[in-house]
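Structure first, commentary second.
Numbering (this note's numbering), first residue to last: 648 to 942.
See below:
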């Protein structure tokens, strides 16, 4: 360009710049064409079969016993109860004596216990929480609590475990009657097993309640017609209950002449076995992921 006439130099320079721009655009277009062609070739070679199963992502699930326990707790919370807890290592006094079972009481033979010392025992039921709650809330009324937790007894077979879970309930107030107990527990049963379930109460014996009753529901397997699960009776026992014994009220600091109350207790495993049609209690504790992952 330096040898060209200055007048023509400007014209040639502009033409050169246009040529350069055109060449760059042509080269970029060709490169894009090459890239697109390469991508199409790769897609044809690396074709993905969308019908193949994807990678399995394993995720944890909550244990079925705690799912059931949470469901039961939520039902009673809806009834106006509050959740309280008690120690698993319990004093003999709270586990037995305060619940109307002095040292020589024959009812102690009904529970094969794990003693740590003469005064300490792994609690055999959640009922000691009743006394502790009454001591805490006395003299306030009403006392309306449920006590979930682990309990321990010397048992181990298809329907028993040395450690299992219970939920205990207690309602103390002025003028509380057996009708209140029946109404509460019948409503509870129908929320757990469905509105069509039938309920019955049978006289029973518990040292800390009087009168006492066990509650049955119509068999969830056969609907009450009779099957192996219910031993052809059409009924399944789910819990024990009764009006709080006067001696228990006294131990908690309340005057049985002024207040009354009812109590009930149930095994969470029992409810879970009926709810999920499980025939062996030990499945809950075997830690078999094939079983646990179904919930």
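Every residue, glycine too, gets a C-beta built ideally from N, C-alpha and C.
Everything numeric in this text was worked out from a predicted model, so none of it was measured.
Worksheet entry | Cα-Cα separation between residue 879 and residue 922, rounded to whole angstroms | As a position in the chain shown, residue 879 is number 232, starting the count at 1. As a position in the chain shown, residue 922 is number 275, starting the count at 1. In this structure, the alpha-carbon of residue 879 lies about 19 angstroms from that of residue 922.
Worksheet item: Does the distance from the C-beta atom of residue 814 to that of residue 915 stay below 8 angstroms?
Response: Translated into the one-based positions of the chain shown, residue 814 becomes position 167. Translated into the one-based positions of the chain shown, residue 915 becomes position 268. Contact: yes.
Item to complete: Report the residue from 731, 886, 776 and 799 whose alpha carbon sits nearest the alpha carbon of residue 760.
Response: For the purposes of this step, residue 760 is taken as the residue at position 113 of the chain shown. The shortest C-alpha separation from residue 760 is found at 799.
Worksheet item: Do you know offhand how far residue 764's Cα is from residue 741's?
Response: Taking the chain shown and counting its residues from 1, one reaches residue 764 at position 117. Taking the chain shown and counting its residues from 1, one reaches residue 741 at position 94. Their Cα atoms are separated by approximately 14 angstroms.
Discussion item. So for residue 989, helix, strand or coil by DSSP?
Written reply: Outside the displayed range of the chain (648 to 942) lies residue 989, so it cannot be described from this structure.
Worksheet item: Using a Cβ-Cβ cut-off of 7 angstroms (strictly less than) and excluding sequence neighbours within five positions of residue 762, which residues of its own chain qualify?
Response: Stepping through the chain shown from its first residue, residue 762 is reached at position 115. Here the set comprises 768.
Fill in: Reference residue 773, options 716, 796, 898 and 801, closest by Cα
Here residue 773 refers to the residue found at position 126 when the chain shown is read from its first residue. Proximity to residue 773 across 716, 796, 898 and 801 peaks at 796, based on C-alpha coordinates.
Worksheet entry | Bounding residues of the alpha helix (DSSP H) (the contiguous stretch that carries residue 694) | Numbered from its first residue, the chain shown carries residue 694 at position 47. Neither: residue 694 is in no alpha helix (DSSP H) and is coded neither H nor E.
Item to complete: Excluding the 5 residues preceding and the 5 following residue 857 in the sequence, name in chain order all residues of the same chain whose CB lies nearer than 6 angstroms to its CB.
Response: One-based indexing of the chain shown puts residue 857 at position 210. Answer for residue 857: 892, listed in chain order.
Worksheet item: With distances taken from CA atoms, which of 668, 864, 809 and 881 is nearest residue 834?
Response: Position 187 of the chain shown holds residue 834. Selection 668, 864, 809 and 881 evaluated against residue 834 yields 864 as nearest (Cα-Cα).
Worksheet item: Can you pull the DSSP bridge partners for residue 901?
Response: Counting from one through the chain shown, the residue named residue 901 turns up at place 254. DSSP output for residue 901 lists no bridge partner at all.
Discussion item. On the CB-based measure, 16 or more other CB atoms within 10 Å of its CB, does residue 906 come out buried or exposed?
Written reply: Locating residue 906 in the chain shown gives position 259, counting from the first residue. Burial call: buried.
Worksheet item: If we call anything under 8 angstroms between Cβ atoms a contact, is residue 775 one with residue 820?
Response: What you label residue 775 is simply residue 128 of the chain shown in a count that begins at 1. What you label residue 820 is simply residue 173 of the chain shown in a count that begins at 1. No; because the gap between Cβ atoms is not below 8 angstroms, this pair is not in contact.
Practice prompt. Label residue 791 either buried or exposed according to how many other C-beta atoms from any shown protein chain fall within 10 Å of its C-beta, with 16 as the threshold for buried.
Written response: What you label residue 791 is simply residue 144 of the chain shown in a count that begins at 1. Counting the other CB atoms within 10 Å of its CB gives residue 791 a total of 16 or more, which places it among the buried residues.
Worksheet item: What's the call for residue 660, buried or exposed, on a 16-neighbour Cβ count within 10 Å?
Response: The count along the chain shown starts at 1 and reaches residue 660 at position 13. Under this definition residue 660 is an exposed residue.
Fill in: Closest by C-alpha distance to residue 726, when choosing among 700, 732 and 718
Looking up residue 726 in the chain shown gives position 79. Ranked by how close their Cα comes to the Cα of residue 726, the residues 700, 732 and 718 have 718 in first place.
Practice prompt. At 4 residues or longer, and completely inside the stretch 852-940: list those alpha helix (DSSP H) runs for me, N to C.
Written response: List check, alpha helix (DSSP H) in window: 893-898, 915-923 and 936-939.
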